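J.: In UniProt numbering, the protein residues as written are 1 to 407. Where a beta carbon is used, it is the ideal one built from N, C-alpha and C, also for glycine. Small disclaimer: the values here were computed from a predicted structure and weren't measured.
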């Protein structure tokens, strides 16, 4: 603070001290006069009363200014504790010490604002709410994990000016992050153009699979809108794919004692990442595991996709496409409703998948013709191509399980 800011505080303190001293001095004079045989003159009595009033008035004024400044600083400390760092520091009155404390809090707030750019502020809030300690280690917990990735991002990056690419990715990540946080997600990390988000950690969430699926649908809707916005700016479209899986993982702090990262570790995290990558095989946009489908409940429409055996895994994984919402009680969710025409074709699709897995390729082909148009539906086209490879039926040793050779 400047000298002019400190001046009023020092003046008030000086006034109070001077008034109290005058009150004490005149009070002493009054007592002496009262003790004398001549009694107390009226003038001395008035001066004593005036001195007391001046002293008390100065003290009250100082107390008021100091308490007002301290109340403002108390509110500021509480805001910092909540990591509410976006508002400017309050103007405080009072003594120089109060101003110095205000300056120190302003500096602390600026430093925290800088660090919060690198450490997710929402994650810290959730850890504080859970009473978590900043120490290495974690706990086993059932989570829903989502990975998102931009199709062909490497090619896009190679063709763009670096500054413009930075502007594009910043706009994309800001919008996607805000949308995921709004739907109960914790952002675990950014990996190039990919985002890893988790539900049910650090804050407990018993409906984490449902919230994960709901967030994925909102994120898909957002990214489709961003594609149009980017095209209008002359930027490339960033087509985003998503993969979700629910299962047990260890979640907590990993790293070293002076640099930690809050993350989830386990094979289920790898499965979520692979589900995202499988979208390329089927032409889909959101793939989820059987565990996530069951955990999400009946509010969503899913389409069975395949049974896959990932490289390094021993158990086949049932994979589903998240099509959309079955119902939308909230008007804001209306754009997330599943396409009615696709929903109407789902019985034929399920029958085609059942016959395919049973090895009845002729009947599966007939059901597939009722399930959709391969020109308009990439998943129907993928199965039409599979059936066309074996016009005479499944070869010896055939299995409906798709083995993935790469991670």
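#1: In the DSSP assignment, what are the bridge partners of residue 320?
#2: Apply the 10 Å Cβ neighbour rule to residue 149 and answer buried if 16 or more other Cβ atoms are within range, or exposed otherwise.
#3: If I measure Cβ to Cβ from residue 266 and keep anything under 8 Å in the same chain, skipping five residues before and after, which residues do I get?
#4: Please state the DSSP three-state secondary structure of residue 139.
#5: What number of angstroms, rounded off, separates the C-alpha of residue 274 from the C-alpha of residue 241?
#6: Going by C-alpha to C-alpha distance, which of 290, 172 and 297 sits closest to residue 305?
#7: Pick out whichever of 233, 341 and 298 has its Cα sitting closest to the Cα of residue 213.
#8: Taking the alpha helix (DSSP H) that residue 402 belongs to, which residues open and close that run?
#9: Measuring alpha carbon to alpha carbon, tell me which of 222, 313 and 301 ends up nearest residue 350.
#10: May I have the straight-line CA-CA distance separating residue 145 from residue 244, to the nearest angstrom?
#11: Check this for me: beta carbons of residue 188 and residue 196, under 7 Å apart or not?
#12: In the DSSP output, what is residue 146 paired with across the bridge?
#13: Inspect the CB distances between the stretch 310 to 317 and the stretch 330 to 346 and report whether three or more fall short of 8 Å.
#14: At which residues does the beta strand (DSSP E) containing residue 187 begin and terminate?
#15: In chain order, which alpha helix (DSSP H) runs of at least 4 residues are fully inside the stretch 315 to 398?
#16: What residues in its chain sit with their C-beta under 6 Å from that of residue 360, if we drop five residues either side in the sequence?
#17: Specify the secondary structure class of residue 226 as computed by DSSP and reduced to three states.
#18: Which whole-angstrom value describes the C-beta separation of residue 276 and residue 147, a residue pair presumed to lie in contact below a C-beta threshold of 8 Å?
#19: Let's test the definition: count the other Cβ atoms within 10 Å of the Cβ of residue 285 and tell me whether it reaches 16, buried, or not, exposed.
#20: Measure the C-alpha to C-alpha separation of residue 223 and residue 229 and round it to an integer number of angstroms.
#21: If you draw a straight line from the C-alpha of residue 272 to the C-alpha of residue 236, how long is it?
#22: How would you label residue 356, buried or exposed, when you count the other beta carbons within 10 angstroms and need 16 or more for buried?
#23: To the nearest angstrom, how far is the alpha carbon of residue 1 from that of residue 162?
#24: Can you tell which of 178, 401, 374 and 219 has the C-alpha that lies nearest to the C-alpha of residue 314?
#25: Do you know offhand how far residue 334's Cα is from residue 324's?
#26: Of the choices 143, 234, 328 and 330, whose alpha-carbon is the least far from that of residue 209?
#27: Looking at the unbroken alpha helix (DSSP H) that takes in residue 273, where does it start and where does it end?
#28: Measuring straight from C-alpha to C-alpha, what distance separates residue 202 and residue 398?
#29: At the level of alpha carbons, what is the spacing between residue 330 and residue 170?
#30: In terms of residue numbering, what span does the alpha helix (DSSP H) encompassing residue 313 cover?
#31: If I measure Cβ to Cβ from residue 396 and keep anything under 8 Å in the same chain, skipping five residues before and after, which residues do I get?
#32: Per DSSP, what are the beta-bridge partners of residue 309 in this structure?
#33: Out of 175, 176, 164 and 381, state which residue places its alpha-carbon closest to the alpha-carbon of residue 283.
T.: In short, the structure shows the following:
#1: Here the question's residue 320 lines up with position 320 in the chain shown. In DSSP, residue 320 forms a bridge with 288 and 304.
#2: As a first step, residue 149 must be located in the chain shown, where it is residue number 149. With 16 or more other Cβ atoms within 10 Å, it is buried.
#3: The residue labelled residue 266 in the question sits at position 266 within the chain shown. Excluding positions up to five away in sequence, the list reads 247, 248, 249 and 250.
#4: Against the chain shown, residue 139 aligns to sequence position 139. Strand at residue 139.
#5: Counted from its first residue, the chain shown places residue 274 at position 274. Counted from its first residue, the chain shown places residue 241 at position 241. Their Cα atoms are separated by approximately 11 Å.
#6: The residue you call residue 305 lines up with position 305 of the chain shown. Nearest to residue 305 by C-alpha distance, out of 290, 172 and 297, is 290.
#7: Locating residue 213 in the chain shown gives position 213, where the first residue counts as 1. Among 233, 341 and 298, the Cα nearest to that of residue 213 is on 298.
#8: Along the chain shown, read from residue 1 onward, the residue named residue 402 stands at position 402. Element bounds for residue 402: not the alpha helix (DSSP H) but the beta strand (DSSP E), 401 to 403.
#9: Translated into positions along the chain shown, residue 350 becomes position 350. Residue 301 is the option with its Cα nearest to residue 350.
#10: In the chain shown, residue 145 corresponds to position 145, counting from 1. In the chain shown, residue 244 corresponds to position 244, counting from 1. Rounded to whole angstroms, residue 145 and residue 244 show a C-alpha spacing of 6 Å.
#11: Along the chain shown, one-based indexing puts residue 188 at 188. Along the chain shown, one-based indexing puts residue 196 at 196. A contact, by the Cβ cut-off of 7 Å.
#12: Counting from one through the chain shown, the residue named residue 146 turns up at place 146. Answer by DSSP bridge pairing, in chain order: 197 and 244.
#13: Not touching, per the Cβ criterion.
#14: Position 187 of the chain shown, counted from the start, is the residue given in the question as residue 187. In the DSSP assignment, residue 187 falls within the beta strand (DSSP E) that extends over 186 to 191.
#15: Runs of the alpha helix (DSSP H) inside the stretch 315 to 398: 340 to 357, 361 to 371 and 378 to 389.
#16: Residue mapping note: residue 360 aligns to position 360 of the chain shown, counting from 1. Excluding five sequence positions before and after residue 360, none of the CB atoms of its chain fall closer than 6 Å to its own CB.
#17: Here residue 226 refers to the residue found at position 226 of the chain shown. Correct three-state label for residue 226: helix.
#18: The residue you call residue 276 lines up with position 276 of the chain shown. The residue you call residue 147 lines up with position 147 of the chain shown. Confirmed, about 4 Å.
#19: By 1-based counting over the chain shown, the position of residue 285 is 285. Buried: at least 16 other Cβ atoms inside 10 Å.
#20: Mapped onto the chain shown, residue 223 falls at position 223. Mapped onto the chain shown, residue 229 falls at position 229. Spanning the two alpha carbons is a distance of roughly 10 Å.
#21: Indexing the chain shown from 1 puts residue 272 at position 272. Indexing the chain shown from 1 puts residue 236 at position 236. Taken atom to atom, the span from the alpha-carbon of residue 272 to that of residue 236 is near 27 Å.
#22: Along the chain shown, one-based indexing puts residue 356 at 356. By the neighbour-count rule (16 or more Cβ atoms within 10 Å), residue 356 is buried.
#23: Translated into positions along the chain shown, residue 1 becomes position 1. Translated into positions along the chain shown, residue 162 becomes position 162. Confidence in residue 1 is poor, its pLDDT being 44 and thus under 50, which makes the residue's placement unreliable; the coordinate value appears in the next sentence. Rounded to whole angstroms, residue 1 to residue 162 spans 42 Å at the Cα level.
#24: To locate residue 314, count along the chain shown from 1; it is residue 314. Of the candidates 178, 401, 374 and 219, the one whose C-alpha sits nearest the C-alpha of residue 314 is 401.
#25: As a first step, residue 334 is located in the chain shown; it is residue number 334 there, counting from the start. As a first step, residue 324 is located in the chain shown; it is residue number 324 there, counting from the start. Approximately 10 Å between the Cα atoms of the pair.
#26: By one-based count along the chain shown, residue 209 stands at place 209. With distances taken between Cα atoms, residue 209 lies closest to 143.
#27: As a first step, residue 273 must be located in the chain shown, where it is residue number 273. Unbroken alpha helix (DSSP H) run through residue 273: 267 to 282.
#28: Working through the chain shown from its first residue, we reach residue 202 at position 202. Working through the chain shown from its first residue, we reach residue 398 at position 398. Answer to the nearest angstrom: the Cα atoms are 44 Å apart.
#29: In the chain shown, counting from the first residue as 1, residue 330 sits at position 330. In the chain shown, counting from the first residue as 1, residue 170 sits at position 170. C-alpha of residue 330 to C-alpha of residue 170: approximately 30 Å in a straight line.
#30: For this step, residue 313 is matched to residue 313 along the chain shown. Secondary structure note for residue 313: it is in no alpha helix (DSSP H), with a DSSP letter that is neither H nor E.
#31: Counting from one through the chain shown, the residue named residue 396 turns up at place 396. Correct list: empty, nothing qualifies.
#32: One-based indexing of the chain shown puts residue 309 at position 309. Answer is 403, bridged to residue 309.
#33: For the purposes of this step, residue 283 is taken as the residue at position 283 of the chain shown. The shortest C-alpha separation from residue 283 is found at 381.
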